[in-house]
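Data first, discussion second: the structure below is written as structure tokens.
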Amino acid sequence: MASDPIDVIVVGGGLAGVTAARDLAQAGVRTLLVEARDRLGGRTAMQTLAGRQVDTGGAYFHWFQAAIWREVMRYELPVVESGLATADRWLLGASDGIVELSAEEFSEGLRRVLTAFCGDPKFGEALVRPFAVHTDPGFALLDDMSVEDRFQELRLDPQDDSMLRAVLADFGPPADVSLGWVLQRLGNGVWSYEAMMALFASYRLERGMGSLIDAMVADADFEVRLSSPVTAIEYDDAGATVVLKDGSELTARAVVLATPVAVWKTITFTPELSEAHQAATREGVAAPQVTQLLMHVRGVSESVVMFAPFDAQPFDLAGTHSMLEDGQLLHGFSFAGEVTCAGGHAQIAEALRKILPEAELVDFVGHDWFSDPYALGGHGSMSPGQAQRFIDILDQPLRSLFIASADIAPQFSGMLTGAIESGARAARRATLAIASPASSTPSDSVPETPPSTEN
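Quick note on this note's numbering: the sequence shown kicks off at 292 and runs consecutively.
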């Protein structure tokens, strides 16, 4: 550790933590970032397949998402379109098999089912300000409902029902996902079909999310300690102490806690976190069974996208990442735990043939996010009743403890841009607090910041 005293310790080196550390350091705050893994990036991850660096964690975004797009433009990072925008083949999975549709049939079908899903006027009325869900009491009623409740209200024909379930599968089991939370995500797309589809997966970084992490780290002077799991955090009005797994203790005037919410339960806090924080880490606010794969595949000559309802097929979502001289790289997602990296080549090859019988699996890389001890789940996903209890509540400062996580971001929770918006808010709050220590109180270190309309 540097000889100068540390002002702020950031716990967690994912996108939220790196954003917070950069912003703190650029504000002149002496900052130390500690990360449990031997790398930065958190739930973004880079691996090598077929000689290419590929993302096996969070990767996709759109320029509608102001926080991440601002960073991409700031660092002039080249982007490429996802297969969702460029596919030659469109497949719809169901429990009884795979149906191939034309691009027009797929597009028209998605437009039809998403319009139906969002068609109740009370949805827009309750989410006039989707970046501030507590401003309308009607949101709580929607948050108490599940996505499955909405499916049952609609009672679409079998193919349309499968299509709607497929496009929303990445949120998790529909009976366990808050309708209000999903509508808030869609409301951020200003309710149009084109905007909603853009929010799902339009762009990725040509050199992977690691290129953004590297650019942020290079843009500010802060210390990084890798392979440093945190076991305990003590905090009060005067400052905080962070205890590492090796027993060493680090002290600072404030701490930014930037781990996934699920990881909070692995850390001993003194004093204990609030009942709401404990409920969130106990219940979970992320998709629990996510496996993300990149597969080198031969025998599939065209770019392809496949959606399937949750748990109807081994892969809930798959699509061409890039074409190679020797086949293609195919992105695959399993949200129900049916396909895992731990299952090995044979399991993955069998699952792949169920959606693409002609496919030959050459090699794969990936990540079982549910078994990663420093993630304990995938991207954010809230159950009925959670959004009203947690969003814009869990990230409020607790004495000298400031909280950042994509899981609880005020506007785009569970997304890359949400990690950045959350990290930036925590950094600003911590900067103000240590600049004006007299303003700190046991319940709130800085005045509440109104949610921004820009990130």
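Backbone N, C-alpha and C define an ideal beta-carbon position, used for all residues, glycine too.
**Report entry** When 654, 521, 661 and 649 are compared against residue 581, the one with the closest alpha-carbon
**Finding:** With respect to the C-alpha of residue 581, the residue from 654, 521, 661 and 649 having the closest C-alpha is 661.
Query raised in the report: Are the Cβ atoms of residue 595 and residue 718 separated by less than 9 Å?
Result: In this structure, the beta-carbon distance from residue 595 to residue 718 does not fall below 9 Å.
Query raised in the report: From what residue to what residue does the beta strand (DSSP E) around residue 346 run?
Result: First-last of the beta strand (DSSP E) with residue 346: 343-346.
Query - Distance between residue 592 and residue 695 (C-alpha atoms, nearest Å) - result: Between residue 695 and residue 592, the C-alpha separation is close to 43 Å.
**Report entry** DSSP three-state assignment for residue 711, whether helix, strand or coil
**Finding:** Shown here, residue 711 sits in a helix according to DSSP, grouped into three states.
Query raised in the report: Expressed to the nearest angstrom, what Euclidean distance is found between the alpha-carbon atoms of residue 641 and residue 603?
Result: Roughly 15 Å between the two C-alpha positions.
Query - Same chain only: Cβ atoms within 7 Å of residue 703, ignoring 5 sequence neighbours per side - result: Answer for residue 703: 356, 479, 709 and 712, listed in chain order.
Query raised in the report: How big is the Cα-Cα spacing for residue 417 and residue 433?
Result: If I take the Cα positions, the gap works out to 8 Å.
Report task. Please look up how many angstroms separate the CB atoms of residue 750 and residue 531, rounded, as I've assumed it's under 8 Å. Result -> Any property of residue 750 remains undetermined from this structure, which presents the chain solely from 292 to 746.
Report task. Could you tell me which residues DSSP pairs with residue 619 in its beta bridges? Result -> Per DSSP, the beta-bridge partners of residue 619 are 588 and 614.
Report task. Under the assumption that residue 601 contacts residue 627 (Cβ atoms under 8 Å), give the Cβ distance between them as a whole number of angstroms. Result -> In this structure residue 601 is in contact with residue 627, their Cβ atoms being roughly 6 Å apart against a cut-off of 8 Å.
**Report entry** Through-space distance from residue 503 to residue 368, alpha-carbon basis
**Finding:** Cα atoms of residue 368 and residue 503: separation of roughly 7 Å, rounded to the nearest angstrom.
**Report entry** Bridge-paired residues (DSSP) for residue 384
**Finding:** Per DSSP, 389.
Report task. Consult DSSP for residue 508 and reduce its assignment to one of helix, strand or coil. Result -> Helix.
**Report entry** Residue nearest to residue 563 in terms of C-alpha spacing, selected from 527, 545 and 577
**Finding:** Of the listed residues, the one whose Cα sits closest to residue 563 is 527.
Query raised in the report: Looking only at its own chain, which residues have a Cβ that is under 6 Å from the Cβ of residue 366, when we skip the five neighbours before and after it?
Result: Within the same chain, 506 come within 6 Å of residue 366 by CB-CB distance, once the 5 residues on both sides are set aside.
Query raised in the report: Of the choices 536, 577 and 399, whose alpha-carbon is the least far from that of residue 552?
Result: 577 is the residue among 536, 577 and 399 whose C-alpha sits nearest the C-alpha of residue 552.
Report task. Figure out for me which residue from 317, 382 and 364 has the closest Cα to the Cα of residue 648. Result -> Out of 317, 382 and 364, 382 has the C-alpha closest to the C-alpha of residue 648.
**Report entry** Burial state of residue 345, where buried means 16 or more other Cβ atoms lie within 10 Å
**Finding:** By the neighbour-count rule (16 or more Cβ atoms within 10 Å), residue 345 is buried.
Query - Local conformation of residue 437 per DSSP, three classes - result: Residue 437 carries a strand assignment under DSSP once its states are collapsed to helix, strand and coil.
Query raised in the report: CB-CB under 7 Å to residue 457, same chain, minus the five flanking residues each way: which ones, in chain order?
Result: The answer, listed in chain order, is 383, 384, 598, 599 and 600.
Query raised in the report: Over what stretch of residues does the beta strand (DSSP E) that includes residue 757 continue unbroken?
Result: Any question about residue 757 goes unanswered here, given that the chain covers just 292 to 746.
**Report entry** Beta carbon of residue 459 nearer than 9 Å to that of residue 408
**Finding:** For residue 459 and residue 408, yes; Cβs fall inside 9 Å.
Requested in this report: For residue 770, count neighbouring C-beta atoms within 10 Å of its own C-beta (all shown protein chains included) and say buried if the count is 16 or more, exposed if not.
Outcome: Here the chain covers residues 292 to 746 and nothing more, so residue 770 does not appear.
Query raised in the report: Three-state secondary structure (DSSP) at residue 364?
Result: The answer is helix: DSSP assigns residue 364 an H, G or I state.
Query raised in the report: Just to confirm, are residue 435 and residue 675 a CB contact at a threshold of 9 Å?
Result: In this structure, residue 675 lies closer than 9 Å to residue 435 by Cβ.
Query raised in the report: What is the residue span of the alpha helix (DSSP H) that residue 540 lies within?
Result: Looking at the DSSP string, residue 540 is not in any alpha helix (DSSP H); the run it does join, the beta strand (DSSP E), is 540-543.
Query raised in the report: Contact between the segment 677-688 and the segment 648-659: three or more CB pairs below 8 Å?
Result: The segment 677-688 makes no contact with the segment 648-659, as fewer than three CB pairs between them are under 8 Å.
Query raised in the report: Run through DSSP, which three-state label would residue 462 get?
Result: Residue state, collapsed to three classes: helix.
Query raised in the report: Under the three-state reduction of DSSP, which class applies to residue 689: helix, strand or coil?
Result: DSSP places residue 689 in strand when its eight states are reduced to three.
Query raised in the report: In terms of residues, what are the limits of the alpha helix (DSSP H) holding residue 416?
Result: Run containing residue 416: 412-417, per the alpha helix (DSSP H) assignment.
Report task. Determine the direct distance from the alpha carbon of residue 327 to that of residue 725, and round the result to whole angstroms. Result -> Taking the CA atoms as reference points, residue 725 sits about 26 Å from residue 327.
Query raised in the report: How about residue 623 and residue 609: are their beta carbons less than 9 Å apart?
Result: In contact: residue 623 and residue 609 (Cβ atoms closer than 9 Å).
Requested in this report: Assign residue 690 to one of two classes, buried (16 or more other C-beta atoms within 10 Å of its C-beta) or exposed (fewer than that).
Outcome: Under this definition residue 690 is a buried residue.
Query raised in the report: Opposite residue 606 in the DSSP bridges: which residues?
Result: Per DSSP, none; premise fails for residue 606.
Requested in this report: Starting from the Cα of residue 646, find the closest Cα among 621, 442, 421 and 670 and give me that residue.
Outcome: Looking from the CA of residue 646, the closest CA among 621, 442, 421 and 670 belongs to 621.
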